[in-house]
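Student: Residue numbering for the sequence shown follows the numbering used here, beginning at 2 and increasing consecutively.
We put the beta carbon where it would ideally sit given N, CA and C, even for glycine.
Bear in mind the structure is a predicted one, so any value in this text is a computation, not a measurement.
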Amino acid sequence: MDVVKKAAAAAEEEEVHGVVIVGGGLCGLATALALHRKGMGSLVVERSEALRVGGVALNVHANGWRALEELGLADGLRKTANLITSVRMVRQIQGKNQTTVSSPSYSYARCRKEIRCLRRKDVMEALAKSVPAHTIRYGCRIVAVDEDPGTDCTVVIGCDGWNSVVARYVGLGAPSQLPRFIVLGFASYPEGHPFGTEFSQIIADDFAVGRVPINENLLHFFVSRSPSPGRTDVDEDAARKYVLEKVDELPGEVADMVRRCDAASSWTLTKVWYRPPWQVALAGFRRGAVTVAGDAMHAMGPFIGQGGSAGLEDAVVLARSLSSAAAGDGRAPPRQQLRDDAVGAAIDEYVAERRRRATTLCLHSFAIGTLLTTRWLAVKLACVAVLALLGGDSRRDADYDCGRL
Ligand SMILES: Cc1cc2nc3c(=O)[nH]c(=O)nc-3n(C[C@H](O)[C@H](O)[C@H](O)COP(=O)(O)OP(=O)(O)OC[C@H]3O[C@@H](n4cnc5c(N)ncnc54)[C@H](O)[C@@H]3O)c2cc1C
Numbered sequence: 002m003d004v005v006k007k008a009a010a011a012a013e014e015e016e017v018h019g020v021v022i023v024g025g026g027l028c029g030l031a032t033a034l035a036l037h038r039k040g041m042g043s044l045v046v047e048r049s050e051a052l053r054v055g056g057v058a059l060n061v062h063a064n065g066w067r068a069l070e071e072l073g074l075a076d077g078l079r080k081t082a083n084l085i086t087s088v089r090m091v092r093q094i095q096g097k098n099q100t101t102v103s104s105p106s107y108s109y110a111r112c113r114k115e116i117r118c119l120r121r122k123d124v125m126e127a128l129a130k131s132v133p134a135h136t137i138r139y140g141c142r143i144v145a146v147d148e149d150p151g152t153d154c155t156v157v158i159g160c161d162g163w164n165s166v167v168a169r170y171v172g173l174g175a176p177s178q179l180p181r182f183i184v185l186g187f188a189s190y191p192e193g194h195p196f197g198t199e200f201s202q203i204i205a206d207d208f209a210v211g212r213v214p215i216n217e218n219l220l221h222f223f224v225s226r227s228p229s230p231g232r233t234d235v236d237e238d239a240a241r242k243y244v245l246e247k248v249d250e251l252p253g254e255v256a257d258m259v260r261r262c263d264a265a266s267s268w269t270l271t272k273v274w275y276r277p278p279w280q281v282a283l284a285g286f287r288r289g290a291v292t293v294a295g296d297a298m299h300a301m302g303p304f305i306g307q308g309g310s311a312g313l314e315d316a317v318v319l320a321r322s323l324s325s326a327a328a329g330d331g332r333a334p335p336r337q338q339l340r341d342d343a344v345g346a347a348i349d350e351y352v353a354e355r356r357r358r359a360t361t362l363c364l365h366s367f368a369i370g371t372l373l374t375t376r377w378l379a380v381k382l383a384c385v386a387v388l389a390l391l392g393g394d395s396r397r398d399a400d401y402d403c404g405r406l
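(1) Keeping to the same chain, check which residues put their C-beta closer than 6 Å to that of glycine 29; ignore five residues upstream and five downstream.
(2) Check each candidate in Lys381, Thr155 and Leu364 and name the one with the smallest Cα separation from leucine 372.
(3) Identify which residue in Pro214, Ile215, Asn216 and Thr360 has its Cα closest to the Cα of phenylalanine 286.
(4) Tell me where the alpha helix (DSSP H) around leucine 378 begins and ends.
(5) What are the complete beta strand (DSSP E) segments, minimum 3 residues, inside the region 288 to 323?
(6) If you follow the alpha helix (DSSP H) that glycine 253 is part of, which residue opens it and which one closes it?
(7) Near alanine 11, what residues of its chain come up, given a Cβ to Cβ distance below 7 Å and the 5 sequence neighbours on each side ignored?
(8) Using the beta-carbon count (16 or more within 10 Å), is histidine 135 buried or exposed?
(9) By Cβ distance below 6 Å, which residues in the same chain neighbour isoleucine 348 in space, the five residues on each side in sequence not counted?
(10) So, with DSSP's three-state summary, where would you put histidine 221?
(11) Are cysteine 363 and threonine 375 close, meaning C-beta to C-beta below 9 Å?
(12) Report yes if the CB atom of glutamate 314 is closer than 9 Å to the CB atom of alanine 145, and no otherwise.
(13) Reducing DSSP to helix, strand and coil, say where tyrosine 401 ends up.
(14) For leucine 185 and serine 267, which I take to be in contact (beta-carbon distance under 8 Å), what is that distance rounded to the nearest angstrom?
(15) Contact between the region 82 to 91 and the region 172 to 188 is defined here as three or more beta-carbon pairs at a separation below 8 Å; is this criterion met?
(16) Whether or not the region 40 to 57 and the region 69 to 77 are in contact is what I'm after, with contact meaning three or more pairs of Cβ atoms, one per stretch, closer than 8 Å; do they touch?
(17) What is the rounded straight-line gap between the Cα of glutamine 280 and the Cα of arginine 397?
(18) Give the list of continuous beta strand (DSSP E) stretches no shorter than 3 residues that lie fully inside the region 16 to 104.
(19) What residues in its chain sit with their C-beta under 7 Å from that of aspartate 270, if we drop five residues either side in the sequence?
(20) With respect to 8 Å, is the separation between the Cβ of tryptophan 240 and the closest non-hydrogen atom of ligand 1 below this value?
(21) Does proline 252 pass the burial test, meaning 16 or more other C-beta atoms within 10 Å, or should it be called exposed?
(22) Classify lysine 247: buried if its beta carbon has 16 or more other beta carbons within 10 angstroms, exposed otherwise.
(23) I believe leucine 128 touches alanine 31 by the beta-carbon criterion, under 8 Å. Please report the beta-carbon distance rounded to the nearest angstrom.
(24) With 16 other CB atoms within 10 Å as the buried threshold, where does serine 229 fall?
(25) Any heavy atom of ligand 1 inside 8 Å of the beta-carbon of serine 227?
(26) Could you tell me if asparagine 60 is buried or exposed, where buried requires 16 or more neighbouring beta carbons within 10 angstroms of its beta carbon?
(27) For asparagine 60, is the beta carbon positioned less than 8 Å from some heavy atom of ligand 1?
(28) Between which residues of its own chain and glycine 306 is the CB-CB distance below 6 Å, once the five residues before and five after are set aside?
(29) Considering only the alpha carbon of each residue, which of Arg276, Arg38, Val20 and Arg169 lies closest to phenylalanine 367?
(30) Taking Cβ positions, are valine 156 and alanine 290 nearer each other than 9 Å?
(31) Quick check: what's the CA-CA separation for histidine 114 versus glycine 140?
Encoded structure:
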């Protein structure tokens, strides 16, 4: 396998060998760390010039914490964010609060339903610090993957996000998009905030607003709104203004929260990219010794807050499968070579395990995203039916255990 790299500015070519991970985001670094913990080296090629710490925050549910435990990062990251002990959802129909669902407090020790909201920066820095020096090569943008049996680059793993070059090589179609303007940020309360450890969300027909405490002084919030018809292609400033107009109609504490956000910590997203669940259920995720993980495999948008945790699970399962393909008894020394004949079987095992899981998550997220954005009653009813079939409860997603590394 010959990975052809072209830096954005210079069209230089360079050959690299071994396990190559394309993309040094959450999933790419988690995969490098999982392989390292199994005694296998890898090279991560990342197009950015430095570690990417943007993107505000990440809710991590119990399934994600299980994966972080396998990666050896859970204890350190738990110190950075408080445990969420209750979840409150308010459904607003025609401007009136119709239902309020309050989940009972559940303790991590008793039920293992752990949710914490982590700063992405903390997660990315923890991952980057835990992989061996020189694993990540910044400033390398992969533009194509070519097969060349004469070279000894054994495996290529595409962790290059929703717009993945590697996914295209593997044969995956382009992801789809939902128009949804989303503003995310941190709200700072030096005097302490009054919201305790409750995750709270108001969901209406064309907008949603939520807040998640990170600690006593810091909240993560998001406000999302469907664009008005024919206005999906406005620039980022116009999208932000349009979303924040809605905040003025909401309870005063919401407007106060948004006012406490400084520009440096806020982020606007105008389109949500996802792979439709039927594509995830049916697509081929391997071509030779090339495969994909994270959003490159199953971009699902933010609606169930599981994309990042699913990427961490991918990392654990893929490293476990690849290490079983390694020469010897699986406890061989670092930088061991993978046996060519076993690589395909190991990737197939990984794909089969992850396809089932990713299809369910993508279906859940797709149903919620479509419910929030469609104007068609029949489609809304179909989404409600799908959600009912799935159990309608995100705790089921969190019960999943990706197993030991
Ligand atoms: C608004 C929003 C909120 C979300 N909230 C949550 C949440 O609360 N909890 C949760 O679990 N998930 C959440 N998600 C999903 C989560 O952010 C993603 O699933 C996760 O970041 C995907 O990680 P990744 O490593 O697969 O891809 P990315 O994070 O996109 O990383 C891909 C990396 O590949 C690099 N790259 C791309 N192309 C190339 C190339 N050609 N060559 C080299 N490098 C390349 C990029 O620079 C990037 O560093 C949210 C998503 C959104 C959009």
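Tutor: The relevant details are as follows:
(1) The sequence position of residue 29 within the sequence shown is 28, counting from 1. The residues are Ile22, Val45 and Cys160.
(2) As a working mapping, residue 372 is identified with position 371 in the sequence shown. Nearest of Lys381, Thr155 and Leu364 to leucine 372, Cα basis: Lys381.
(3) Sequence index remark: in the sequence shown, residue 286 carries index 285 (1-based). Selected option, being the one with the closest Cα: Thr360.
(4) Numbered from its first residue, the sequence shown carries residue 378 at position 377. Element bounds for leucine 378: 378 to 390.
(5) 291 to 293
(6) Counted from its first residue, the sequence shown places residue 253 at position 252. Note, glycine 253: alpha helix (DSSP H), 253 to 260.
(7) For this step, residue 11 is matched to residue 10 along the sequence shown. Note that alanine 11 scores a pLDDT of 34, beneath 50, so its modelled location is shaky; the value from the coordinates is reported in the next line. Contacts found: none.
(8) For this step, residue 135 is matched to residue 134 along the sequence shown. It is exposed - the Cβ of histidine 135 has fewer than 16 other Cβ atoms within 10 Å.
(9) Looking up residue 348 in the sequence shown gives position 347. The answer, listed in chain order, is Arg287 and Thr292.
(10) Translated into positions along the sequence shown, residue 221 becomes position 220. Three-state DSSP puts histidine 221 in a strand.
(11) For the purposes of this step, residue 363 is taken as residue 362 along the sequence shown, with counting starting at 1. For the purposes of this step, residue 375 is taken as residue 374 along the sequence shown, with counting starting at 1. Contact flag unset, no.
(12) For the purposes of this step, residue 314 is taken as the residue at position 313 of the sequence shown. For the purposes of this step, residue 145 is taken as the residue at position 144 of the sequence shown. Cβ distance not < 9 Å, so glutamate 314 and alanine 145 don't count as in contact.
(13) On the sequence shown, position 400 is the one that residue 401 refers to. Here tyrosine 401 sits in coil by DSSP.
(14) In the sequence shown, counting from the first residue as 1, residue 185 sits at position 184. In the sequence shown, counting from the first residue as 1, residue 267 sits at position 266. That pair is a contact at about 7 Å.
(15) no
(16) no
(17) Here residue 280 corresponds to residue number 279 of the sequence shown, with the count starting at 1. Here residue 397 corresponds to residue number 396 of the sequence shown, with the count starting at 1. Approximately 22 Å, taken between the alpha carbons.
(18) 20 to 23, 44 to 47, 58 to 61, 87 to 94 and 97 to 103
(19) If you number the sequence shown from 1, residue 270 lands on position 269. According to the sequence provided, residue 270 is leucine. The question's aspartate does not apply to it. If we look at leucine 270 and ignore the five residues flanking it on each side, its Cβ neighbours are Ile183.
(20) Taking the first residue of the sequence shown as position 1, residue 240 is located at position 239. In the sequence as presented, tryptophan is not what sits at residue 240; that position holds alanine. No, ligand 1 has no heavy atom inside 8 Å of this Cβ.
(21) In the sequence shown, residue 252 corresponds to position 251, counting from 1. Looking at its Cβ environment, which holds fewer than 16 other Cβ atoms inside 10 Å, proline 252 is exposed.
(22) Within the sequence shown, the letter at position 246 stands for residue 247. By the 10 Å Cβ count, lysine 247 comes out buried.
(23) Here residue 128 is taken as the residue at index 127 of the sequence shown, counted from 1. Here residue 31 is taken as the residue at index 30 of the sequence shown, counted from 1. Between alanine 31 and leucine 128 the Cβ distance is about 6 Å, and since that is below 8 Å, they are a contact.
(24) Translated into positions along the sequence shown, residue 229 becomes position 228. Serine 229 should be labelled exposed.
(25) Numbered from 1 along the sequence shown, position 226 holds the residue referred to as residue 227. No, the beta carbon of serine 227 sits no closer than 8 Å to any heavy atom of ligand 1.
(26) Position 59 of the sequence shown, counted from the start, is the residue given in the question as residue 60. Asparagine 60 comes out buried.
(27) For the purposes of this step, residue 60 is identified with residue 59 of the sequence shown, where counting begins at 1. Indeed, a heavy atom of ligand 1 lies less than 8 Å from the Cβ.
(28) The residue you call residue 306 lines up with position 305 of the sequence shown. Excluding residues within five positions, the ones whose Cβ falls inside 6 Å are Asn60.
(29) Position 366 of the sequence shown, counted from the first residue, corresponds to residue 367. The candidate whose alpha carbon is nearest that of phenylalanine 367 is Arg276.
(30) Here residue 156 is taken as the residue at index 155 of the sequence shown, counted from 1. Here residue 290 is taken as the residue at index 289 of the sequence shown, counted from 1. It is a contact, given that the beta carbons lie within the stated cut-off.
(31) Counting from 1 along the sequence shown, the entry for residue 114 is found at position 113. Counting from 1 along the sequence shown, the entry for residue 140 is found at position 139. One point to set straight first is that residue 114 is lysine, not histidine, in the sequence displayed. Each residue's Cα considered, the two are about 39 Å apart.
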